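Chemist: Sharing a structure, written as structure tokens. Questions coming.
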Amino acid sequence: MRGIHVRPETLSRVALLLVIAVASVSTVVQVTGQTVRGARARGTVVQGEHGTAAVGPRGAAVKGDEGYAAVGRRGAVVHGDDGTAAVGRRGAVVVGEEGHGAAVGRYGGVVVGNHYEDYEGWRVAAGVAAGTAIAVGTMLSRPPAGAATVVVGPTSYLYSGGSYYTRVVTGGAVAYQVVAPPAGAIIATLPAGCAAARVGAVTYQRCGNSYYERVATGYRVVVF
Numbered sequence: 135m136r137g138i139h140v141r142p143e144t145l146s147r148v149a150l151l152l153v154i155a156v157a158s159v160s161t162v163v164q165v166t167g168q169t170v171r172g173a174r175a176r177g178t179v180v181q182g183e184h185g186t187a188a189v190g191p192r193g194a195a196v197k198g199d200e201g202y203a204a205v206g207r208r209g210a211v212v213h214g215d216d217g218t219a220a221v222g223r224r225g226a227v228v229v230g231e232e233g234h235g236a237a238v239g240r241y242g243g244v245v246v247g248n249h250y251e252d253y254e255g256w257r258v259a260a261g262v263a264a265g266t267a268i269a270v271g272t273m274l275s276r277p278p279a280g281a282a283t284v285v286v287g288p289t290s291y292l293y294s295g296g297s298y299y300t301r302v303v304t305g306g307a308v309a310y311q312v313v314a315p316p317a318g319a320i321i322a323t324l325p326a327g328c329a330a331a332r333v334g335a336v337t338y339q340r341c342g343n344s345y346y347e348r349v350a351t352g353y354r355v356v357v358f
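According to my numbering, the stretch in the sequence shown is residues 135 to 358, in order.
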């Protein structure tokens, strides 16, 4: 996911859709229930004017005018006009009506967006903890405070907290866009959360999806 903006109101509507959809199960049963079958053997199906609901040993599902929702032993998913959300044992993901998205898992979270005032503005809008990585393609009007300049060949980047930024002009204004770690870039210290990883006969430091090798002046990005 890259280059898309997460609007808080979109995420809120998608999250609320699950509650609305599940609540509509009772509406289907109480108000418009017409067909019930298999209640004892494998579950119950209720079909009415406004939708269909099914409940079985492994979960429940409801489909109505606003979309559909399903809950099972390993997670839940909801889909409607405002987007899609899914929650499972290993994390959660939400995608909005225009492709806006966010995801969180056991190793952290990522929210992809288009253009924010600064890192804090992006973080607040995303509702994530400080230090969460920004997806490649996201643009900030101002770079993070204390970002360091990293030079690779003829190109200069800004580096902060595991993310690299390049200066771009969009809509007549200067912005700082997140890019993939450039091969050969050297940073003084590794970002948080790195771990040793062996590739062939060489041990590198893996930071997310990026690899670094130890050099005299710090740690250099390696791209395989």
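Don't be surprised by glycine CBs; every beta carbon is placed ideally from N, CA and C. Please read all numbers here as calculations on a predicted model, not as lab measurements.
May I ask you to report which of helix, strand or coil DSSP gives Gly242?
Modeler: Only weak support is given to the placement of Gly242: the predicted model assigns it a pLDDT of 44, under 50, and the value that follows is read from those uncertain coordinates. Strand at Gly242.
Chemist: Can you tell me which of the three DSSP states Thr169 falls into?
Modeler: With a pLDDT of 49 at Thr169, under the threshold of 50, the modelled position of that residue is not reliable, and the figure given next carries that caveat. Looking at Thr169 - three-state DSSP - the assignment turns out to be strand.
Chemist: Suppose you measure from the CA of Ile320 to the CA of Gly327; what does that come to, to the nearest Å?
Modeler: 18 Å
Chemist: Pull up the CB-CB distance for Gly222 and Gly209, whole angstroms please, since I reckon it's below 8 Å.
Modeler: 3 Å
Chemist: Thinking C-beta only, is Pro277 closer than 8 Å to Tyr310?
Modeler: yes
Chemist: Going by C-alpha distance, which of Val356, Tyr338, Pro316, Leu274 is nearest Arg303?
Modeler: In the sequence under discussion, the amino acid at residue 303 is Val, which differs from the Arg named in the question. Minimum Cα distance to Val303 is reached at Leu274.
Chemist: Under the rule that 16 or more other beta-carbon atoms within 10 Å means buried, what is Ala330, buried or exposed?
Modeler: Exposed, since its Cβ has fewer than 16 Cβ neighbours within 10 Å.
Chemist: With 8 Å as the threshold, decide whether the Cβ of Ala326 is near any Cβ in chain C.
Modeler: Among the chains in the structure shown there is no chain C, since it carries only a single protein chain.
Chemist: Is DSSP giving Arg257 helix, strand or coil here?
Modeler: Secondary structure at Arg257: helix, using DSSP grouped into helix, strand and coil.
Chemist: Quick one: what's got a C-beta closer than 8 Å to Val170's C-beta in the same chain, skipping five residues either side?
Modeler: Caution applies to Val170, whose pLDDT of 49 falls short of 50 and renders its modelled position unreliable; the value that the coordinates give is listed next. Contacts found: Thr178, Val179, Val180.
Chemist: The beta strand (DSSP E) with Ala309 in it runs from where to where?
Modeler: Element bounds for Ala309: 307 to 313.
Chemist: Can you tell me the Cα-Cα spacing of Tyr253 and Tyr353, whole angstroms?
Modeler: 24 Å
Chemist: Alpha carbon to alpha carbon, how far is Gly306 from Asn343?
Modeler: 33 Å
Chemist: Per the DSSP calculation, Ala187 is bridged to which residue(s)?
Modeler: Val180, Val196
Chemist: Can you give me the C-alpha to C-alpha distance between Ala259 and Phe358, rounded to a whole angstrom?
Modeler: Phe358 has its alpha-carbon roughly 34 Å from the corresponding atom of Ala259.
Chemist: Going by Cα to Cα distance, which pick from Thr289, Thr272, Ser294, Gly193 is closest to Gly280?
Modeler: Ser294
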